[in-house]
Every structure is written in structure tokens, then in C-alpha cells.
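Trainee: Going by full-length UniProt numbering, the first residue of the sequence shown is number 1, and it counts up by one from there.
Cβ atoms here follow ideal geometry from the backbone N, Cα and C, with glycine treated the same way.
Below you'll find the structure I mean.
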Amino acid sequence: MKKIGITGGIGSGKSTVCRVFSILNVPVYEADERAKWLTNHDPILKADIVRLLGPNAYDAAGQYNRAFVAAQVFTNPDLLKQLNTLIHPRVFADTARWVDEHEQYPYVLKEAALMNAAGDGNDLDAVVVVTAPEPLRVARIRQRDPQRSTTEIQAIIDRQISEEARLKLADFVLVNDEANLLLPQILRLHELFLGKATVV
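Okay, structure coming up:
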């Protein structure tokens with residue numbers, strides 16, 4: 001089974017691409033969503049986070065206190081690194097279990113905002129990057145999140161890795177700029193990953 005990573009900046013259309021692959025019966029592991037789920041449901045991880053950040057890391061109902069945690073780590077890179085050191089191994093183990101459960105499929109997708117190149121500290125066979133021009137990404141985010149200002153959106157984009165750095169990770173690129181048809185690009189990759197095509 002091939003393990004394919006898929007990444008892209010906010011507003012690139014990565015989630016849309018993943019939905020299309022899902023319709024094509026390709027299992028998609030959403031690493032960022034699973035990480036959020038694990039912070040609320042993994043008892044080992046919860047205990048470790050409380051040890052690191054104190055009891056206020058969870059609210060009275062036992063739910064991860066995202067605002068509190070963000071405030072603690074926002075200006076403390078070392079604390080953020082320690083938090084990630086707790087979360088990442090649990091996500092990695094969760095991913096491994098999930099992959100085992102889907103071993104009957106020809107390939108699976110692992111979707112994440114942050115990703116290394118294939119083989120760089122991971123077991124990915126290839127990485128797909130979804131790309132779109134920045135003005136279009138900003139417009140998409142404004143449309144789905146009208147309460148966010150352009151300045152806020154730009155700040156989020158600026159905090160992510162640059163598009164140039166992201167593209168250096170890519171074995172394959174999906175251009176989602178509304179000038180190039182997206183679906184044929186996805187179908188070509190799908191055929192390739194199924195072993196039914198040799199070039200994209």
C-alpha cells in the first residue's frame with residue numbers, strides 16, 4: 001500500500017481535494033483533526049498535557065482549553081516545542097493504527113498542514129501539494145469566514161511556511177487557481193497512485 005501525504009496552505013483548497021479523493025474511495029487521514037480529537041480523548045496525552053501546562057489546559061468538562069493553551073505557548077517557543085513533542089508521537093501512533101486498518105486499499109492519503117518531504121522523518125511514498133495564488137486564497141477564506149479581516153487572514157498565511165518552501169516538498173502539485181481544471185488533475189494522480197498510469 002502506498003502512503004501519500006497531501007498538504008497546502010490555508011485557502012488552497014486542500015480540504016476540497018481530499019473530499020474528491022474520498023469520493024473516489026480513497027481513505028483520508030486528517031492529521032490536524034485527529035490531533036484535536038486526541039487532545040480530548042487520549043488519556044495518556046491528556047495527562048501529559050496537564051503535567052506540562054497545569055490543570056487549566058482542560059476546562060471543567062474535561063475539554064481541551066485551546067484558548068488557554070494558545071496563550072501559554074504563543075510567546076514561548078520552547079513550551080510550544082515541548083507540547084508538540086507530546087502530541088506528535090501520539091498522532092504518529094494513531095496514524096500507524098489507522099493505516100493498518102486500511103491495508104486492503106491500494107493507497108491512502110494523510111492530510112496535514114505541516115509536512116516533511118517524503119521519507120524525511122516519515123514513511124510517506126510521495127507528497128502532493130495543493131497550491132493557489134495568495135489573493136485567491138485570501139478571497140476564499142473571507143468567503144467562508146466573513147468575520148475574519150484581510151489583515152487577520154494575511155497574518156495566518158504569514159505564520160505558515162512559505163509557498164516556495166512548501167513546493168520544495170512536492171512530488172506532485174495540484175494547481176487550484178480556478179484557471180486550471182482541478183478534477184482532471186486529481187483523476188490523473190488517482191490513476192498514477194493506482195498504478196494505472198506512468199506519468200502525470
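Tell me the DSSP bridge mates of residue 73?
Mentor: Residue pairing from DSSP leaves residue 73 without any beta-bridge partner.
Trainee: Is residue 130 closer than 8 angstroms to residue 180 when the C-beta atoms are compared?
Mentor: no
Trainee: Is it the case that the Cβ atoms of residue 8 and residue 14 are separated by a distance below 8 angstroms?
Mentor: Against a cut-off of 8 angstroms, the Cβ pair of residue 14 and residue 8 comes out as a contact.
Trainee: Between the region 109-123 and the region 162-170, do at least 3 Cβ pairs fall closer than 8 angstroms?
Mentor: yes
Trainee: DSSP puts residue 111 in a beta bridge; with which residues?
Mentor: 6 and 30
Trainee: From residue 187 to residue 62, what distance separates their C-alpha atoms?
Mentor: Cα-Cα distance, rounded: 43 angstroms.
Trainee: Report the start-end ranges of each beta strand (DSSP E) in the region 55-100 that is 3 residues or longer and not cut off at the edges.
Mentor: none
Trainee: Can you have a look at residue 140 and say buried or exposed, based on whether 16 or more other CB atoms are within 10 angstroms of its CB?
Mentor: buried
Trainee: In its own chain, which residues sit with a C-beta less than 8 angstroms from the C-beta of residue 59, not counting the 5 before and 5 after it?
Mentor: 65
Trainee: Leaving out five residues before and five after residue 48 in sequence, what residues of the same chain have Cβ atoms less than 7 angstroms from its Cβ?
Mentor: Answer for residue 48: 86, listed in chain order.
Trainee: If you draw a straight line from the alpha carbon of residue 182 to that of residue 55, how long is it in whole angstroms?
Mentor: 46 angstroms
Trainee: Give me, in chain order, the residues of the same chain whose beta-carbon lies closer than 7 angstroms to that of residue 72; leave out the 5 immediate sequence neighbours on both sides.
Mentor: 53 and 79
Trainee: What I want to know is whether the C-beta of residue 4 ends up closer than 7 angstroms to one or more non-hydrogen atoms of the ligand HEM.
Mentor: This structure does not include the ligand HEM; it has no bound ligands of any sort.
Trainee: Are residue 109 and residue 6 close, meaning C-beta to C-beta below 8 angstroms?
Mentor: Yes. Within cutoff.
Trainee: One question on the structure: do residue 31 and residue 111 come within less than 8 angstroms of each other, judged by their Cβ atoms?
Mentor: Yes; because the gap between Cβ atoms is below 8 angstroms, this pair is in contact.
Trainee: Unbroken alpha helix (DSSP H) runs of length 4 or more, entirely within the region 100-163: which are they?
Mentor: 134-144 and 150-159
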